[in-house]
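Following: one structure in structure tokens, then a few remarks.
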């Protein structure tokens, strides 16, 4: 079981009632900024999906997807959403959106296999977003441009909260630093991927780690990624340095979506070529879906960071084991 990382003599800056009020302030301000910066409209999203069409995200491919049978739906299992990466791209097509237009939504998921600690819960809440791009925009310049827009919205929200809550002092730098997973390995070959992230996040304050999913020159992966939604050459994570917990703090995963070539390549590398027969994958291979870029931004993660909380349970309601409940009580951490 992961060990909780607790700061010494912790005391929340905001009490439980004002925390709930501040959560709504953050979400309202950030949503508006995200929508304006990326030209997105808000849409409704599913909580459950049909099994077997390839639309539900299988994450790293080892997680147990929660599923059930419904009384009025015959011969099909219903799956609880793990994320909406593929659903969003289909929705762009269904809504008839064109170049530089996109959507965002509230994504709520239940992940049974999540390891519970300060940053992770069984309940996952994200702003999931997706935007149409042209084929010739499938490059690192496009990726970096969208990252900078998202970071601008995060930084603006931090300053907004400081204006109304002066005790929430800003810590983020003005600019985000870009680095690839291979560059990290070259710089720190004797460190683990997480240790590398800690070193560089502390140095720059905010980083975007690019090219996640493929094997590095060492033969190891920096981290896992599903092979069928992000192009491993054109993706990454927004990671902030958390001075309270003294660790790298991921708030967003995003990337340019696979095209025909990258999908086939990544399915072959991951030994998942059987997925080419699924409805979603056939649509990509036949060129029926728009080229797009998208990702997810953790709602509870962002609130936790901006409100300077020690545990994600301070900004979301979830279920915890007895050990976590005991440790939080001993450390003066009040869970919602």
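Residue numbers (the working numbering): 8 to 343. Cβ atoms here follow ideal geometry from the backbone N, Cα and C, with glycine treated the same way.
Please classify residue 363: is it buried, with 16 or more other beta-carbons within 10 angstroms of its beta-carbon, or exposed? What the structure shows of the chain is the stretch from 8 to 343, and residue 363 is not part of that stretch, so it cannot be assessed.
Whole-number beta carbon distance between residue 156 and residue 44, since they are thought to touch under 8 Å: 4 Å
Going by DSSP, what residue range makes up the beta strand (DSSP E) through residue 57? 55-57
Report the option in 232, 187, 179 and 100 whose CA atom is closest to the CA atom of residue 209. 179
For residue 357, I'd like the list of residues in its chain whose CB is within less than 8 Å of its CB, leaving aside the five on either flank, ordered along the chain. There is simply no residue 357 to check, as the chain begins at 8 and stops at 343 in what is shown.
Beta bridge counterpart(s) of residue 84 as assigned by DSSP: 76
Where residue 89 falls: helix, strand or coil (DSSP): coil
Where does the unbroken beta strand (DSSP E) through residue 112 begin, and where does it stop? 109-117
Thinking just about the alpha-carbon of each residue, which of 313, 215, 322 and 129 is nearest to the one in residue 36? 313
Residues near residue 74 by beta carbon distance below 8 Å, same chain, minus five either side: 58, 84, 85, 86 and 87
Does chain B have any CB closer than 9 Å to the CB of residue 123? In the structure shown, chain B cannot be found, because there is only a single protein chain.
Burial state of residue 152 (16 or more Cβ within 10 Å): exposed
Three-pair Cβ contact test at 8 Å for the stretch 242-253 versus the stretch 268-288: no
In chain order, what residues of the same chain lie with their CB nearer than 8 Å to the CB of residue 147, ignoring the 5 residues before and after it? 217 and 241
Going along the chain, which residues of its own chain have a beta-carbon closer than 6 Å to the beta-carbon of residue 82, five neighbours each way excluded? none
Could you tell me whether the Cβ atoms of residue 252 and residue 125 are closer together than 9 Å? yes
Determine the closest residue to residue 111 out of 53, 127 and 165, with distance taken between C-alpha atoms. 53
Candidates 317, 306, 325 and 342: closest to residue 32 by CA position: 306
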